[in-house]
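As structure tokens, the structure follows; a few thoughts come after it.
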Amino acid sequence: MARVLIADDSETILLLMRTRLELAGHSVETACDGQEVTDRFANGNGDRNVDVLLLDAMMPRKSGVDALRELRAAGIQTPALIVSAHQNPGDADAATDLEISGYVTKPIDFDRLLERISELA
Amino acid sequence: MAVIGVGRFIQQRQDFEDSIARSYQVEMRARVRLAEGRDVEAARAEVTAQNRRRRELQDQISGDTRDTALLVAAGLIAGLTGALLLFSGLISSMRRPLEELVAAAGRLAGGDRSARVEVGGLSETATLGAAFNEMAQELEAEASQRDQLDRLKDEFVLTASHELRSPLTSVQGFAELLMLDRDSLTPRQAETVEIILDNCRHLVRLLNDLLDLARSDAGRLAIQPRPTEIAPLIEDVARTIRAQTEAKSQTLGEDLQPDLPLVEAEPDRIRQVLINLVTNAHEYCPDGASIQVTARAVGAEVEIAVSDNGPGIPETQLERIFDRFTRGDAGLTQRVGGTGLGLAISKSLVELHGGSIRAASTPGQGSIFAFRIPVANVQRSAPRPGAAAEAS
Numbered sequence: 146m147a148r149v150l151i152a153d154d155s156e157t158i159l160l161l162m163r164t165r166l167e168l169a170g171h172s173v174e175t176a177c178d179g180q181e182v183t184d185r186f187a188n189g190n191g192d193r194n195v196d197v198l199l200l201d202a203m204m205p206r207k208s209g210v211d212a213l214r215e216l217r218a219a220g221i222q223t224p225a226l227i228v229s230a231h232q233n234p235g236d237a238d239a240a241t242d243l244e245i246s247g248y249v250t251k252p253i254d255f256d257r258l259l260e261r262i263s264e265l266a
Numbered sequence: 029m030a031v032i033g034v035g036r037f038i039q040q041r042q043d044f045e046d047s048i049a050r051s052y053q054v055e056m057r058a059r060v061r062l063a064e065g066r067d068v069e070a071a072r073a074e075v076t077a078q079n080r081r082r083r084e085l086q087d088q089i090s091g092d093t094r095d096t097a098l099l100v101a102a103g104l105i106a107g108l109t110g111a112l113l114l115f116s117g118l119i120s121s122m123r124r125p126l127e128e129l130v131a132a133a134g135r136l137a138g139g140d141r142s143a144r145v146e147v148g149g150l151s152e153t154a155t156l157g158a159a160f161n162e163m164a165q166e167l168e169a170e171a172s173q174r175d176q177l178d179r180l181k182d183e184f185v186l187t188a189s190h191e192l193r194s195p196l197t198s199v200q201g202f203a204e205l206l207m208l209d210r211d212s213l214t215p216r217q218a219e220t221v222e223i224i225l226d227n228c229r230h231l232v233r234l235l236n237d238l239l240d241l242a243r244s245d246a247g248r249l250a251i252q253p254r255p256t257e258i259a260p261l262i263e264d265v266a267r268t269i270r271a272q273t274e275a276k277s278q279t280l281g282e283d284l285q286p287d288l289p290l291v292e293a294e295p296d297r298i299r300q301v302l303i304n305l306v307t308n309a310h311e312y313c314p315d316g317a318s319i320q321v322t323a324r325a326v327g328a329e330v331e332i333a334v335s336d337n338g339p340g341i342p343e344t345q346l347e348r349i350f351d352r353f354t355r356g357d358a359g360l361t362q363r364v365g366g367t368g369l370g371l372a373i374s375k376s377l378v379e380l381h382g383g384s385i386r387a388a389s390t391p392g393q394g395s396i397f398a399f400r401i402p403v404a405n406v407q408r409s410a411p412r413p414g415a416a417a418e419a420s
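Chain order of the listed sequences is U and B.
If you want my numbering, it's the 1-based position in the first sequence plus 145.
If you want my numbering, it's the 1-based position in the second sequence plus 28.
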């Protein structure tokens with residue numbers, strides 16, 4: 146079972162994802178934006194406790210992509226899935242540079258998401 | 029020169045007429061003397077002399093006239109040549125600015141909104157150049173305004189789509205959560221949740237379609253075609269939709285020509301077109317109908333056709349079938365879940381691939397939707413790597 150850190154600025158979405166992931170047996174931490182994610186890792190309790198990052202592409206203060214860019218620059222290689230509202234999120238270059246493991250589009254297909262998390266954990 | 033020649037001619041003519049007149053006067057005086065019987069011999073000689081003189085004058089003037097005519101002709105030719113020389117000078121001094129104007133107009137028509145000409149040369153071409161620049165300036169301003177509006181519209185659609193997706197994700201997600209515990213729901217509750225989910229899926233389709241159309245309108249519906257095997261795509265789509273067709277006891281058959289060449293296509297987008305066409309056939313056909321997907325190579329293209337033995341489409345509707353928000357029979361569409369945008373998007377997508385799409389129907393017997401996309405330049409070298417990373 147994976148330890149997943151989810152970042153989304155919508156509490157409802159966080160609740161939904163937490164519920165579905167916990168029902169599948171994963172343990173879930175949440176953050177309300179990218180800043181909170183980078184802060185967690187800056188405090189040093191990040192990569193040991195998290196197997197998979199699930200980051201929303203668009204968040205106030207700091208987007209998921211920006212947060213991931215900082216983590217990668219700091220040498221943190223935790224697998225990351227980017228959640229995006231759009232069908233064709235980001236460009237292929239960003240996916241390669243930031244080692245994004247995949248994209249999740251909204252509305253979320255949870256069966257596929259859970260499958261992907263199990264593969265990555 | 030011609031003017032000088034003509035002037036001289038007139039002067040000669042005047043001199044000639046004066047001389048003739050004087051000659052007649054002299055002759056008249058001599059005839060008077062002859063009539064009076066004075067100096068008869070001398071008078072007779074004078075009359076003869078004046079007649080001779082007039083003849084001589086006549087001869088001379090004819091020659092002069094010829095000479096003058098020649099002179100005038102020469103003058104005219106010289107004048108014309110001069111005028112031509114002058115004119116060709118004028119033309120060549122106009123030619124460069126005109127050529128520049130033509131070139132700039134070509135650039136402007138080709139979309140280079142910054143196309144301008146240097147205003148110079150003759151005053152006429154300078155005026156023309158200034159007018160051109162003014163027109164180009166206005167066009168550029170208009171175009172940039174239009175671009176801005178397009179960008180605003182694009183941003184609006186993207187933002188609206190993003191903002192709508194989050195609540196939609198919640199509605200759909202929590203409804204699915206309820207269905208995870210389906211056994212604890214009463215049949216009526218389960219049915220209610222199913223309706224919520226159906227409508228969520230419909231909204232998602234509508235949002236996706238609107239986004240695609242907005243992108244297509246803005247010329248930003250980009251595809252990344254690559255050599256693609258078409259048969260697995262068709263089989264995948266058939267697998268996805270089979271549950272729905274079976275629910276209506278419809279048969280969904282495939283007839284794929286073996287060893288189809290690779291096509292130059294973006295698999296996700298071609299899958300989208302296929303899903304659209306097969307879903308349309310499924311939704312517009314009654315229970316028990318049969319739907320057939322065929323694929324065959326036609327020259328440098330592969331044609332994929334979805335045919336059915338459903339109610340067909342009247343000719344008046346067939347003409348506008350690829351227009352947005354054009355939908356089949358109103359009575360039928362109330363039961364059918366489409367957005368009215370699917371075929372418009374399918375057409376855009378197929379055309380983006382450099383292909384074409386057409387529809388044919390015989391009311392009462394069925395319909396066929398067929399599209400063609402170009403075969404890839406590269407054919408079956410290595411097995412194609414899996415599709416891009418996509419988790420959902």
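The beta carbon of each residue, even a glycine, is placed where N, CA and C say it ideally should be.
Does residue 188/U pass the burial test, meaning 16 or more other C-beta atoms within 10 Å, or should it be called exposed?
exposed
For chain B, find out if any of its Cβ atoms is closer than 8 Å to the Cβ of residue 176/U; answer yes or no.
no
Check whether the Cβ of residue 185/U lies closer than 8 Å to any Cβ atom in chain B.
no
So which of 170/U, 209/U, 205/U, 169/U has the shortest CA-CA distance to residue 151/U?
209/U
Could you check how far apart the C-beta atoms of residue 164/B and residue 188/B are, in whole angstroms? I think they sit under 8 Å.
The Cβ separation is near 36 Å, so there is no contact.
Bridge partners - residue 174/U, DSSP secondary structure assignment:
150/U
Cβ-based contacts, 9 Å cut-off: residues of the segment 186-208 of chain B near chain U
186, 189, 190, 191, 192, 193, 194, 195, 196, 197, 198, 199, 200, 201, 202, 204, 205, 208
Could you name the residues of the same chain whose beta carbon sits closer than 8 Å to that of residue 260/B, not counting the 5 residues immediately before and after it, in chain order?
none
Just verifying my parser: in three-state terms, what is the DSSP assignment at residue 352/B?
coil
Between the C-alpha atoms of residue 142/U and residue 255/B, what's the straight-line distance to the nearest angstrom?
Because chain U spans 146 through 266 in this model, residue 142/U falls outside it and cannot be assessed.
For residue 374/B, three-class secondary structure by DSSP:
helix
Does residue 403/B come within less than 8 Å of chain U when only Cβ atoms are used?
no
With distances taken Cα to Cα, identify the nearest neighbour of residue 158/U among 221/U, 241/U, 204/U, 217/U.
204/U
Measuring alpha carbon to alpha carbon, tell me which of 384/B, 140/B, 396/B ends up nearest residue 336/B.
396/B
Quick one: grab the DSSP three-state call for residue 214/U.
helix
Alpha carbon to alpha carbon, how far is residue 274/B from residue 347/B? Give it in angstroms, no decimals.
31 Å
Determine the chain U residues that contact residue 228/B at a beta-carbon separation under 8 Å, and present them in chain order.
252
Would you say residue 289/B and residue 330/B are within 8 Å of each other, going by their C-beta atoms?
yes
Touch check for the segment 206-216 of chain B and the segment 181-198 of chain B: three-plus C-beta pairs under 8 Å?
no
Residue of 311/B, 201/B, 141/B minimising C-alpha distance to residue 165/U:
201/B
Helix, strand or coil: which one does DSSP assign to residue 258/U?
helix
Going by C-alpha to C-alpha distance, which of 168/B, 195/B, 307/B sits closest to residue 154/U?
195/B
How about residue 253/B and residue 292/B: do their beta carbons lie closer than 8 Å?
yes
Restricting to Cα atoms, I'd like to know which of 180/B, 297/B, 100/B is closest to residue 236/B.
297/B
Apply the 10 Å Cβ neighbour rule to residue 239/B and answer buried if 16 or more other Cβ atoms are within range, or exposed otherwise.
buried
For a contact defined as C-beta to C-beta under 9 Å, what are the partners of residue 158/U on chain B?
194, 197, 198, 201
The segment 312-329 of chain B contacting the segment 280-289 of chain B, beta-carbon criterion three pairs below 8 Å:
yes
Tell me whether residue 89/B sits in a helix, a strand or coil according to DSSP, three-state version.
helix
Where the alpha helix (DSSP H) through residue 247/U begins and ends:
No alpha helix (DSSP H) holds residue 247/U; the beta strand (DSSP E) holding it covers 245-250.
Residue 300/B versus residue 386/B - alpha carbon distance
16 Å
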